[in-house]
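Numbering follows this note's numbering, in which position 301 of the sequence shown is assigned residue number 345; successive positions increment by one, without gaps. Just so you know, even glycine gets a beta-carbon here, dropped at the ideal spot from N, CA and C. All remarks here apply to the structure that follows.
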Amino acid sequence: MRTLSGWKHWLTMGLALLVSAGQGYGQSATPTKPAQFGSKSNSAKPVRTAGYSMLQRGGVGMDLGVMPTGYMMGEGPSSMAIPGPAPMELQMTNGSGTCDAGCCDSCGPGSANGLFAACGPNGCGPFGGGLNGYGPCGCGNDGCNGLGCGLLGGLGQGSGCGFCSGNGCLGCGWNQGTLLPGGLLCRLLGPLAPYSEGPAAQRWFDISAGTIALARTNDFADTILSSTGVAGTNALSTNDTDLEKLRFGLALTLAVQVGPASNLEVSYFGLNRWNSVVTATGNANLYSIYSAFGTSPAGGFDDTDRSNRHTLSYSSELHNGEVNFRRRWVGPAAFMQGSLLAGIRHFDLDEHLNFNAIGENNNGAGNNGLRFFEHSVKTRNQLTGFQVGGDAWINVIPGLYLGTQNKIGVFGNHAESEATIVANSIALGREFIQDGRTAFLNDFSVSTVYRLTYSWALNAGYNILYVDNVAIAPENFNTRDVSNLVGSGSFTSARQGFIDTDGEVYYQGVSFGAEYMW
Numbered sequence: 045m046r047t048l049s050g051w052k053h054w055l056t057m058g059l060a061l062l063v064s065a066g067q068g069y070g071q072s073a074t075p076t077k078p079a080q081f082g083s084k085s086n087s088a089k090p091v092r093t094a095g096y097s098m099l100q101r102g103g104v105g106m107d108l109g110v111m112p113t114g115y116m117m118g119e120g121p122s123s124m125a126i127p128g129p130a131p132m133e134l135q136m137t138n139g140s141g142t143c144d145a146g147c148c149d150s151c152g153p154g155s156a157n158g159l160f161a162a163c164g165p166n167g168c169g170p171f172g173g174g175l176n177g178y179g180p181c182g183c184g185n186d187g188c189n190g191l192g193c194g195l196l197g198g199l200g201q202g203s204g205c206g207f208c209s210g211n212g213c214l215g216c217g218w219n220q221g222t223l224l225p226g227g228l229l230c231r232l233l234g235p236l237a238p239y240s241e242g243p244a245a246q247r248w249f250d251i252s253a254g255t256i257a258l259a260r261t262n263d264f265a266d267t268i269l270s271s272t273g274v275a276g277t278n279a280l281s282t283n284d285t286d287l288e289k290l291r292f293g294l295a296l297t298l299a300v301q302v303g304p305a306s307n308l309e310v311s312y313f314g315l316n317r318w319n320s321v322v323t324a325t326g327n328a329n330l331y332s333i334y335s336a337f338g339t340s341p342a343g344g345f346d347d348t349d350r351s352n353r354h355t356l357s358y359s360s361e362l363h364n365g366e367v368n369f370r371r372r373w374v375g376p377a378a379f380m381q382g383s384l385l386a387g388i389r390h391f392d393l394d395e396h397l398n399f400n401a402i403g404e405n406n407n408g409a410g411n412n413g414l415r416f417f418e419h420s421v422k423t424r425n426q427l428t429g430f431q432v433g434g435d436a437w438i439n440v441i442p443g444l445y446l447g448t449q450n451k452i453g454v455f456g457n458h459a460e461s462e463a464t465i466v467a468n469s470i471a472l473g474r475e476f477i478q479d480g481r482t483a484f485l486n487d488f489s490v491s492t493v494y495r496l497t498y499s500w501a502l503n504a505g506y507n508i509l510y511v512d513n514v515a516i517a518p519e520n521f522n523t524r525d526v527s528n529l530v531g532s533g534s535f536t537s538a539r540q541g542f543i544d545t546d547g548e549v550y551y552q553g554v555s556f557g558a559e560y561m562w
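Quick look at the structure:
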């Protein structure tokens, strides 16, 4: 045989290498079976197939990555090494296969494992990968046939889509960059995504501070205090005061871990204060409840009746302090968790109701000044006792929690009522009465938490607070036998003083704040 020389030799060698390489790239599209476990390879080498690569080493499994639609893996002596029984024939996503253990590998139209199964009619079910992406299907870089991720696919945890990284995955819904090509919309919104530690991240904070805004419901009986004319039309009543407005206060909680999944919490909220003032005006024709609206005695009293102005003011303020032991739990589904608590609570409710009358000059008095009258009632409730409760949370997506909490307790209420009266024609009168009884309190809230970073989170909630068996100022406004003050400077036994602790208060409102964890 003649020996090829020079450039002819090198040209022949190059053609031989091209033919050899073509055999590795040009495998048949017919499905083939990989070699059985134990096949060996002479050397480690990259096998390139349509832009994807795998590094094969004899006896070691490989990361197949993600293959393009319709791609079939080539046959080779060590194309896949899997321990155990012989592997099945490999099928990749093509939109018409049947469901298998790989779910997204072949699920497509015709699979029928149900709504929350690994696969569904639209590739992986309307909710993708089981419920909200937690199932085996996930999302996949090819979007599980485009529809496989379902409506919530882009929110699934551990899925290929993640926060909208799939190639045209319609299941990501509004998260996917369908409005702007290439997922640009998602990338623009990316910085607004909550901080994520996975669906099982613990609900926890060390300090929470913010504001709580509550509106007080007027649930006491209406008492008419003033009329225009003798036994005339109503001019002023206790229901004219308006406390049904949001009033802002402080909310603060400090949590200290005292054991595994256990912490001690010290909480305060309060400083919410309601003030309401209403006034009725006349022309020496306002009559009061003290004289039965000018009928007893006839024409009323000098100081309270035949007045030009009657004014009613009402104020209320609350304070709440708690020390609770909280024990946290995590449900079988990692994204569900909560806690149980028990502790001591102190609740303080202070109220003040004041009635004022201004009349004509008192010609029968030495100072010849304006007739005036002022009746003030202050009540205070101090509730101290034991409470129990708990909360439950759902990790909607990593970094976004939705939960509810309820605390209920039975308390001893030390209630006080103090009344003072000062007027133009009588000296100062005062009475003080106190009582103790059992009270009831229920505190309910629905909240959401959005984590900004590892350390910082924002919270918002809707709050309901109900307290029963307390002394309310309007229900302790005693207008009977005020005439006993005349000449004595104090109430006599005919006054029949009392304290009413059968009242109830109802608050509802919203809260906003920030949480910090170190």
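Task: Separation of N405 from L414, as counted between CA atoms - done: Within the sequence shown, numbered from 1, the residue matching residue 414 stands at position 370. Within the sequence shown, numbered from 1, the residue matching residue 405 stands at position 361. When rounded, the distance between both Cα atoms is 4 Å.
Task: Check whether F402 and N352 have beta carbons under 8 Å apart - done: Taking the first residue of the sequence shown as position 1, residue 402 is located at position 358. Taking the first residue of the sequence shown as position 1, residue 352 is located at position 308. Rather than Phe, the amino acid found at residue 402 in this sequence is Ile. Yes, these two residues count as a Cβ contact at 8 Å.
Task: Any 3 or more C-beta pairs closer than 8 Å across the segment 320-333 and the segment 362-378 - done: no
TODO: Report the option in L444, A483 and H396 whose CA atom is closest to the CA atom of V493.
DONE: Your numbering for residue 493 matches position 449 in the sequence shown. The residue with the shortest Cα to Cα distance from V493 is L444.
Task: R524 - DSSP class collapsed to helix/strand/coil - done: The residue given as residue 524 occupies position 480 in the sequence shown. In the structure shown, R524 sits in coil (DSSP, three-state: anything other than H, G, I, E or B).
Task: CB-CB length for S473 against S534, believed under 8 Å - done: By one-based count along the sequence shown, residue 473 stands at place 429. By one-based count along the sequence shown, residue 534 stands at place 490. Sequence inspection shows Gly at residue 473; the Ser mentioned does not correspond to that position. Going by Cβ atoms, the distance from G473 to S534 rounds to 5 Å, so yes, they are a contact pair.
Task: Proximity below 8 Å, CB of L290 to CB of A324 - done: Your numbering for residue 290 matches position 246 in the sequence shown. Your numbering for residue 324 matches position 280 in the sequence shown. Not a contact, by the Cβ cut-off of 8 Å.
Open item on the list: Using the Cβ count rule (16 or more neighbours within 10 Å means buried), how would you classify V526?
Closed with: Residue numbering aside, residue 526 sits at position 482 when the sequence shown is read from its first letter. Buried, because 16 or more other Cβ atoms sit within 10 Å of the Cβ of V526.
Open item on the list: If the criterion is Cβ atoms closer than 8 Å, does the pair V321 and T355 meet it?
Closed with: On the sequence shown, residue 321 is found 277 positions in, with the first residue counted as 1. On the sequence shown, residue 355 is found 311 positions in, with the first residue counted as 1. Going by C-beta atoms, V321 is nearer than 8 Å to T355.
- [ ] Compute the distance between the beta-carbons of A279 and T285, then report whether it is under 8 Å.
- [x] As a first step, residue 279 is located in the sequence shown; it is residue number 235 there, counting from the start. As a first step, residue 285 is located in the sequence shown; it is residue number 241 there, counting from the start. No, these two residues do not count as a Cβ contact at 8 Å.
Task: For W373, the residue or residues it bridges with in DSSP - done: The count along the sequence shown starts at 1 and reaches residue 373 at position 329. G382.
- [ ] Tell whether a beta-carbon distance below 8 Å holds between G434 and L385.
- [x] Taking the first residue of the sequence shown as position 1, residue 434 is located at position 390. Taking the first residue of the sequence shown as position 1, residue 385 is located at position 341. Against a cut-off of 8 Å, the Cβ pair of L385 and G434 comes out as a contact.
- [ ] Along the beta strand (DSSP E) that carries Y239, what are the first and last residues, could you check?
- [x] Mapped onto the sequence shown, residue 239 falls at position 195. Neither: Y239 is in no beta strand (DSSP E) and is coded neither H nor E.
- [ ] Per DSSP, which residues does E395 bridge with? Please list them.
- [x] Here residue 395 is taken as the residue at index 351 of the sequence shown, counted from 1. S360 and T423.
Open item on the list: Taking only three categories from DSSP, how would you classify R539?
Closed with: Reading the sequence shown from its first residue, position 495 is the one you call residue 539. R539 falls in the helix class under three-state DSSP.
- [ ] Label S270 either buried or exposed according to how many other C-beta atoms from any shown protein chain fall within 10 Å of its C-beta, with 16 as the threshold for buried.
- [x] Along the sequence shown, one-based indexing puts residue 270 at 226. Looking at its Cβ environment, which holds 16 or more other Cβ atoms inside 10 Å, S270 is buried.
TODO: Would you mind listing the beta strand (DSSP E) stretches within the segment 301-367 that are 3+ residues and don't spill past its ends, in chain order?
DONE: 306-332
Open item on the list: If I measure Cβ to Cβ from L287 and keep anything under 8 Å in the same chain, skipping five residues before and after, which residues do I get?
Closed with: The residue given as residue 287 occupies position 243 in the sequence shown. Closer than 8 Å at the Cβ level, and outside the excluded window around L287, lie A259, R260, T261, N262, W318, S320, Y358 and S360.
- [ ] Below 8 Å on the Cβ atoms is my guess for I508 versus Q552; work out the distance and round it to an integer in Å.
- [x] Taking the sequence shown and counting its residues from 1, the one referred to as residue 508 is at position 464. Taking the sequence shown and counting its residues from 1, the one referred to as residue 552 is at position 508. With 8 Å as the limit, I508 and Q552 qualify as a contact, their Cβ atoms being about 5 Å apart.
- [ ] Indicate the three-state DSSP secondary structure (helix, strand or coil) for D544 in the structure shown.
- [x] Position 500 of the sequence shown, counting from 1, holds the residue named residue 544. Looking at D544 - three-state DSSP - the assignment turns out to be coil, as it is neither helix nor strand.
Open item on the list: Along the chain, where does the beta strand (DSSP E) containing T285 start, and where does it finish?
Closed with: Residue mapping note: residue 285 aligns to position 241 of the sequence shown, counting from 1. Per DSSP, T285 belongs to no beta strand (DSSP E) and is neither H nor E.
Open item on the list: Distance check for V300 and T222, CA to CA, integer angstroms please.
Closed with: One-based indexing of the sequence shown puts residue 222 at position 178. One-based indexing of the sequence shown puts residue 300 at position 256. Confidence in T222 is poor, its pLDDT being 43 and thus under 50, which makes the residue's placement too unreliable to answer from.
Open item on the list: With a threshold of 6 Å on Cβ separation, who are the neighbours of K566 within its own chain once the five nearest residues in sequence on each side are excluded?
Closed with: Nothing in the structure corresponds to residue 566, since the chain is present only between 45 and 562.
Open item on the list: Under DSSP, the beta strand (DSSP E) around Q478 begins and ends at which residues?
Closed with: For the purposes of this step, residue 478 is identified with residue 434 of the sequence shown, where counting begins at 1. Taken as a continuous stretch (DSSP letters only), the beta strand (DSSP E) holding Q478 covers G473 to R495.
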